[in-house]
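2 protein chains.
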Amino acid sequence: MSGLVECVPNVSEGRRPDVVRGLADVVSAVPGIRLLDLTSDADHNRSVITFAGDAEAVESAALALVAAAYGAIDMRTHIGEHPRLGAVDVVPFVPLSGSTMEDCVAIAKRVGGAVAKAHDVPVYYYAKAATRPERVRLPDIRKPQYEGLQALMDTTHGPDDGPARVHPTAGAIVVGARPPLIAFNIELDTADVKLAKRIAKEIRESSGGLTAVQAMGFELTDPVRAQVSMNLLDHSVTSLATVWREVEARANAAGVKVLRGELIGLAPLDAMLDVARESLRLDGLVRTQIIEGHFIR
Amino acid sequence: MSGLVECVPNVSEGRRPDVVRGLADVVSAVPGIRLLDLTSDADHNRSVITFAGDAEAVESAALALVAAAYGAIDMRTHIGEHPRLGAVDVVPFVPLSGSTMEDCVAIAKRVGGAVAKAHDVPVYYYAKAATRPERVRLPDIRKPQYEGLQALMDTTHGPDDGPARVHPTAGAIVVGARPPLIAFNIELDTADVKLAKRIAKEIRESSGGLTAVQAMGFELTDPVRAQVSMNLLDHSVTSLATVWREVEARANAAGVKVLRGELIGLAPLDAMLDVARESLRLDGLVRTQIIEGHFIR
Chain A
104 MSGLVECVPN VSEGRRPDVV RGLADVVSAV PGIRLLDLTS DADHNRSVIT FAGDAEAVES
164 AALALVAAAY GAIDMRTHIG EHPRLGAVDV VPFVPLSGST MEDCVAIAKR VGGAVAKAHD
224 VPVYYYAKAA TRPERVRLPD IRKPQYEGLQ ALMDTTHGPD DGPARVHPTA GAIVVGARPP
284 LIAFNIELDT ADVKLAKRIA KEIRESSGGL TAVQAMGFEL TDPVRAQVSM NLLDHSVTSL
344 ATVWREVEAR ANAAGVKVLR GELIGLAPLD AMLDVARESL RLDGLVRTQI IEGHFIR
Chain B
104 MSGLVECVPN VSEGRRPDVV RGLADVVSAV PGIRLLDLTS DADHNRSVIT FAGDAEAVES
164 AALALVAAAY GAIDMRTHIG EHPRLGAVDV VPFVPLSGST MEDCVAIAKR VGGAVAKAHD
224 VPVYYYAKAA TRPERVRLPD IRKPQYEGLQ ALMDTTHGPD DGPARVHPTA GAIVVGARPP
284 LIAFNIELDT ADVKLAKRIA KEIRESSGGL TAVQAMGFEL TDPVRAQVSM NLLDHSVTSL
344 ATVWREVEAR ANAAGVKVLR GELIGLAPLD AMLDVARESL RLDGLVRTQI IEGHFIR
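Protein chains in written order, with the working numbering: chain A, 104 to 400; chain B, 104 to 400.
Next up, the structure:
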């Protein structure tokens, strides 16, 4: 099994479907790459392209995508609600089966260096590829936005690679490495959305809850039900089984049962094996015990 | 994702490691095949070769193995404790991700037909490939053993394919299709092996327990602990989560905690996803939501 890597570039185009589809096609055309998801948001004027493959193929596909996006998107005319610094705004690399975070940091640095050189675009490294603490979080890097970036770049916000000069049409790019993100919801057997909001507040990291967990309480309709909607930013730190247990305990304490879980989009194999590992206390479980694990290329 | 199939042939040779290794090499040499396990037992004078790959590759590898085994094993001189009918005693095909039981039944029939034709060997179909109820279970087919087979074949035990004449050196062959077998143990926090034996008896199918479950109670040493050792013969009928729950409930009722689970050898991806499906009540979970599932070839 060679190392699989996921890449989730966010591009500043969400209103021209043909352009977005063209970018996805550029990615899919790289041998060994699977396009896993393509989501556009017109209000944000932004698209998220999710693909995966062997490390080498993913690196090639990311560079091909950047070149194609720079040919199609002009930041001078870009308007959208979502904060952004460039035509290709952020490019995270994510380790999957057979690859490590270190591999992904190395890929991020190589891709960043190549983009700087080929396109004369300033590069910031974020998350696990960050070069300093104040550049770990994306919002901190993106704060000045495209329009205010040059002024800040001239003083405190110099790039990690490439020129200290915002590219007029491409802007700047943020490249990094992070764990896979898992979107996971739990539906409660109640219409009491206040309970879901309270549980969400108790378990999310931002209010002192579980590490690497974002959570919100929502009301589902038809039938009306309360839902705790979560992002697990690092399932190796806080697992699916852990958030299930924590949400269930709080709901039960309020006399409410949990109805079901829901996985939104994709999750890595390791996160699912962790569930089996915890539920059946299979401390010694390794990925090579899964027959299909021998056929992941 | 194309269909993966596992094949677990049992051959009547467990005392000549070079011969067994040679048979495994014949299998491994088929493009796309992964040898997953090779276990020999000298007392039984028998080896189990586990391999998997695309359906077509597995079919080729099975036929190549049969030809090689027939060239190396002579049933006229075979002695061993384990019941057997032939040099290649039993060849089960097992559906994995992307293939179905129907696919495996079809493979079993094609392989059986080809072996009958190429080697002039009588063929019995068993398990899901059985042609009549009394040939579903392997022990029923294997009862006369190699030595008594011709006498029975002349009366009631005619083969499903090939000649009604036991091949002098190859004997007969049993070919079939079955679900994956999962070997799973649960360790109890007690030295009371009687409790493990009682739980095993209560949960195994043969004494009225859970469908498709075999179970025994054992004593582990260093430290001394009781263990319930199980084979799950069809995890889609009785799952890992179910046996865990049933064993845990009975242990707890006796005031004993369960310490840990242990997966022996390999398990299919679907069995692990079932654990996540049950633990997190992910009714809608599908294999394509596992990122690596897109890279199983």
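For each residue, glycine too, the CB sits at the ideal point set by N, CA and C.
Remember, it's a predicted structure, so these values are computed and weren't measured experimentally.
Contact list for residue i against chain A, beta-carbon separation under 8 Å
i	result
aspartate 386/B	Arg363
phenylalanine 196/B	Near phenylalanine 196/B there are no residues of chain A at all, since even the closest Cβ is about 13 Å away, more than 8 Å.
leucine 69/B	The requested residue 69/B does not occur in the structure, where chain B is confined to residues 104 to 400.
glutamate 109/B	Ile394
For residue i, three-class secondary structure by DSSP
i	result
serine 416/B	As displayed, chain B neither begins before 104 nor continues past 400, which places residue 416/B out of reach and without an answer.
isoleucine 289/A	strand
arginine 268/B	coil
serine 202/B	coil
glycine 387/A	coil
alanine 164/B	helix
proline 195/A	strand
glutamate 184/A	coil
methionine 104/B	For methionine 104/B, the predicted structure reports a pLDDT of 40, less than 50, and the residue's modelled location is therefore unreliable. A value from the coordinates is still provided. Of the three classes helix, strand and coil, the one that applies to methionine 104/B here is coil, per DSSP.
asparagine 334/B	strand
arginine 348/B	helix
arginine 238/B	helix
alanine 172/B	helix
aspartate 157/B	strand
serine 339/B	coil
asparagine 355/A	helix
valine 114/B	strand
alanine 273/A	coil
isoleucine 136/B	coil
leucine 369/B	coil
leucine 362/B	strand
valine 224/B	coil
Anticipated Cβ contact below 8 Å, residue i with residue j, distance rounded
i	j	result
leucine 369/B	glycine 364/A	Actually they are not in contact, since the Cβ atoms of leucine 369/B and glycine 364/A sit about 27 Å apart, beyond 8 Å.
glycine 106/A	alanine 158/A	5 Å
alanine 273/A	valine 194/A	Contact doesn't hold; Cβ gap of about 13 Å is too wide.
glycine 320/B	valine 296/B	6 Å
Same chain, Cβ closer than 6 Å to residue i, five either side skipped, listed in chain order
i	result
alanine 233/A	Val239
asparagine 288/B	Gln330, Ser332 and Glu365
proline 247/A	Leu255
proline 282/B	Asp337
aspartate 192/A	Asn113 and Ser115
aspartate 144/B	Gly117
histidine 181/A	Ser115
glycine 265/B	Ala219, Val224, Pro225 and Val226
proline 371/A	Leu199 and Pro283
valine 208/A	Lys231, Ala232 and Ala280
alanine 171/B	Leu126 and Val129
Beta-carbon neighbours of residue i, restricted to chain B and to distances below 8 Å
i	result
glutamine 392/A	Leu366, Gly368, Leu369 and Ala370
Chain-order list of residues whose beta-carbon lies under 8 Å from that of residue i (same chain, five-residue window excluded)
i	result
proline 242/A	Pro186
aspartate 206/B	Gly106, Val108, Ala158 and Pro198
alanine 344/A	Asp377, Val378, Glu381 and Ser382
glycine 304/B	Looking at the sequence itself, residue 304/B is lysine, so the reference to glycine does not match. Within the same chain, lysine 304/B has close Cβ partners Ser310, Gly312, Ala318 and Gly320.
glycine 396/A	Met104, Ser200, Leu372 and Arg390
glycine 183/A	Ser115, Gly117, Asp146, His147, Asn148 and Arg149
Proximal residues to residue i (C-beta, below 7 Å), its chain only, five neighbours per side dropped
i	result
isoleucine 306/A	Gly312, Leu313, Val316, Ala318, Val346, Glu349 and Val350
tyrosine 229/B	Arg238, Val239, Leu241, Ile244, Val277 and Gly279
alanine 357/A	Leu298
valine 340/B	Thr314 and Ala315
Contact with chain C by residue i, beta-carbon distance below 9 Å
i	result
methionine 375/B	The chain inventory of the structure shown lacks chain C, comprising the protein chains A and B.
Neighbour list for residue i in chain B, Cβ cutoff strictly below 9 Å
i	result
serine 202/A	The premise fails here: serine 202/A is roughly 11 Å from chain B at the closest Cβ pair, so nothing lies under 9 Å.
glutamate 250/A	The contacting residues do not exist; glutamate 250/A stays about 36 Å from chain B at best.
Where residue i meets chain A, residues with beta-carbon distance less than 7 Å
i	result
isoleucine 399/B	Glu395, Phe398 and Ile399
leucine 284/B	Correct list: empty, because the minimum Cβ distance to chain A is about 11 Å.
valine 419/B	As shown, chain B starts at 104 and ends at 400. That puts residue 419/B outside it, with no answer to give.
Under 7 Å by beta carbon: chain B residues contacting residue i
i	result
leucine 291/A	Here the premise fails: no neighbours, minimum Cβ distance about 12 Å.
Next on the checklist: Please identify, using Cβ separations under 8 Å, the residues of the stretch 132–162 of chain A that lie next to chain B, in order along the chain.
Outcome noted: Against chain B - using a Cβ distance shorter than 8 Å - the residues of the stretch 132–162 of chain A are Arg137, Leu139, Ala155 and Gly156.
Item to check | Near-chain A residues of the stretch 296–328 of chain B (beta-carbon distance less than 7 Å), N- to C-terminal order | outcome: Those would be none; no residue qualifies.
Checklist entry - Which residues, taken in chain order from the stretch 326–353 of chain B, show a beta carbon closer than 7 Å to some beta carbon of chain A? => result Residues of the stretch 326–353 of chain B whose Cβ lies closer than 7 Å to any Cβ of chain A, in chain order: Leu343, Ala344 and Trp347.
Item to check | chain A contacts made by the stretch 176–187 of chain B, where a contact means CB separation under 7 Å | outcome: Close to chain A, meaning a Cβ-Cβ distance shorter than 7 Å, is no residue of the stretch 176–187 of chain B at all.
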